[in-house]
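Protein chains in written order, with this note's numbering: chain Z, 2 to 198; chain C, 2 to 198. All C-beta atoms, glycine included, are put in the ideal place defined by N, C-alpha and C. Notes follow the structure.
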DNA sequence: GGTTTCATGTAACTAGTTACATGATTTA
DNA sequence: TAAATCATGTAACTAGTTACATGAAACC
């Protein structure tokens, strides 16, 4: 279904508090499933009520108390059930694609700047991923178990980001640079107006 | 922000009813932004109230009446504003990635089947896209304007689907086929139980 | 005579985001 | 002394999904 199972995967590896889970999500699983701490707390509560996880209060000195959750037997079987269950490939959403599709109705130079921005963002992420690949997985052929699974997800991230960067480059190469907002402005005069007022 | 602007792009090309927009979304923009008719009707209503579009009732015989929406001046400037405005690259979500990350806690054979299913789905979509590419855009170098923009979005779809198929192949090549559910079952005995009951 | 197409909607729900709040401790 | 880190939450909101409802016409 969503966050629940991502949390189950993370907690199966090692138990942790909501805060820790939020931090872990910055890496690894977070490439493909991110969440804010607010949502994580809410979902953890629900999972606790459903009996998938059990929270144990841990008192700390020097820092605030926390609630450490572990996966219960019911949680483990739920995770196994969900992994085996066929799921739909979720619809992908790209605002940038919508913007490109609507390029004729906006400022060309601004759109090129947007595409460049996205290209850079994705390129940066890609570099981070490649660094992780080099550092943490120098010998992929030797991997097995969770290490291998982590690596495969990372490979997915690298493929996605590479694809995105190349797509942005293709757009920039194809979209004419000069002539700003030509379409949008020239069309404004002869348009039959309706409503609005 | 989302659907609003996708609808503005679609309505800018040509006016249409909610029903028609839902059908159009099956193609083109729908590669990267899909929506159900219920949501489309709701958003159209809101856009009408905001003055971005104007609806005109059209009586038909032989089939139900419909409301045809056109983009107003305010709608056009909103679209132009949004295209120029920098936006965040939206978080991508892949249930399959979460499943792969949790492979140690589920049935290996079932997961392989899932990955294969996704691979096939994406491969099918890819074939559809390639067909469109061949049929509708035989000479990409000659394109300009909306035709070019449509083509670029299609190229994005092709890249994404190609990347996904290749990723699935990489997973299938790396994930050992035999030994079903080894991890999940062997772990079930020595686990310290908490909660649940 | 049954399904698909055209056409629009309501109601209830699930998921996710944004803003705000608190308060001690450690680091710059 | 200001900011970041640790830690948990509430409240209000936006976006999106699922289920249900209606009804005529065209297609098989």
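Proximity below 9 angstroms, CB of residue i to CB of residue j
i              : j              : result
residue 100(Z) : residue 54(C)  : no
residue 115(Z) : residue 29(C)  : no
residue 175(Z) : residue 152(C) : yes
residue 201(C) : residue 32(C)  : Lying outside 2 to 198, the shown extent of chain C, residue 201(C) is not represented and no answer is given.
residue 5(Z)   : residue 44(Z)  : yes
residue 103(Z) : residue 109(C) : no
residue 134(Z) : residue 155(Z) : yes
residue 138(C) : residue 90(Z)  : no
residue 72(C)  : residue 9(C)   : yes
residue 13(Z)  : residue 112(Z) : no
residue 34(Z)  : residue 51(Z)  : no
residue 130(C) : residue 167(C) : no
residue 67(Z)  : residue 59(Z)  : yes
residue 146(C) : residue 105(Z) : yes
residue 56(C)  : residue 49(C)  : yes
Test: residue i CB closer than 9 angstroms to a CB of chain Z
i              : result
residue 101(C) : yes
residue 47(C)  : no
residue 143(C) : no
residue 38(C)  : no
residue 149(C) : yes
residue 23(C)  : no
residue 97(C)  : yes
Beta carbon proximity, residue i to chain C, threshold 9 angstroms
i              : result
residue 131(Z) : no
residue 138(Z) : no
residue 30(Z)  : yes
residue 217(Z) : Past the boundaries of the shown model lies residue 217(Z); chain Z is included only from 2 to 198, so the question cannot be answered.
residue 42(Z)  : no
residue 196(Z) : Reliability fails at residue 196(Z), whose pLDDT of 36 lies under 50, so the model's placement of it is uncertain and the value that follows must be treated cautiously. Judged by the 9 angstroms Cβ criterion, residue 196(Z) is in contact with chain C.
- What are the residues of the region 154–182 of chain Z that lie near chain C, defined by any Cβ-Cβ distance shorter than 7 angstroms? For the region 154–182 of chain Z, the residues whose beta carbon sits under 7 angstroms from a beta carbon of chain C are, in order, 154, 156, 157, 160, 161, 164, 167, 168, 171, 172, 175.
Note to self: Any C-beta of chain Z within less than 7 angstroms: which residues of the region 109–125 of chain C qualify?
What the structure shows: The residues in question are 111, 112, 115, 118, 119, 122, 123.
**Prompt:** According to a CB-to-CB cut-off of less than 7 angstroms, which residues of the region 84–95 of chain C neighbour chain Z?
**Reply:** Correct list: 84, 85, 87, 88, 90, 91, 92, 93, 94, 95.
For the region 9–21 of chain Z, which residues have a CB atom closer than 8 angstroms to at least one CB atom of chain C, in sequence order?
Listed by position, the residues of the region 9–21 of chain Z near chain C (Cβ gap below 8 angstroms) are 9, 10, 13.
* Asked: In the region 56–85 of chain Z, which residues sit with their C-beta less than 7 angstroms from some C-beta in chain C, listed in chain order?
  -> Going along the region 56–85 of chain Z in chain order, one finds 71, 73, 74, 75, 77, 80, 81, 84, 85 with a Cβ nearer than 7 angstroms to chain C.
Start-end ranges of the alpha helix (DSSP H) lying completely within the region 109–152 of chain Z, minimum 4 residues
Counting only unbroken stretches of 4 or more residues, the alpha helix (DSSP H) elements lying wholly within the region 109–152 of chain Z are 109–137, in sequence order.
Please give me, in chain order, every unbroken run of the alpha helix (DSSP H) with length at least 4 that falls completely inside the region 18–48 of chain C. Listed in chain order, the complete alpha helix (DSSP H) runs (minimum 4 residues) inside the region 18–48 of chain C are 19–25.
- request: Evaluate the contact criterion for the region 91–99 of chain Z versus the region 119–131 of chain C: three or more CB pairs, one atom per stretch, below 8 angstroms.
  value: Judged by Cβ distances under 8 angstroms, the region 91–99 of chain Z makes no contact with the region 119–131 of chain C, as fewer than three pairs qualify.
- Would you be able to state if there are at least three C-beta pairs under 8 angstroms between the region 64–82 of chain C and the region 13–21 of chain Z? Flag = no, the region 13–21 of chain Z and the region 64–82 of chain C do not touch.
Mind pulling the beta strand (DSSP E) runs of 3 or more residues that sit fully within the region 52–77 of chain Z? Every unbroken stretch of the beta strand (DSSP E) spanning 3 or more residues and falling wholly within the region 52–77 of chain Z is given here in chain order: 54–59, 67–72.
Unbroken alpha helix (DSSP H) runs of length 4 or more, entirely within the region 151–176 of chain C: which are they? Segments of the alpha helix (DSSP H) lying fully in the region 151–176 of chain C: there are none.
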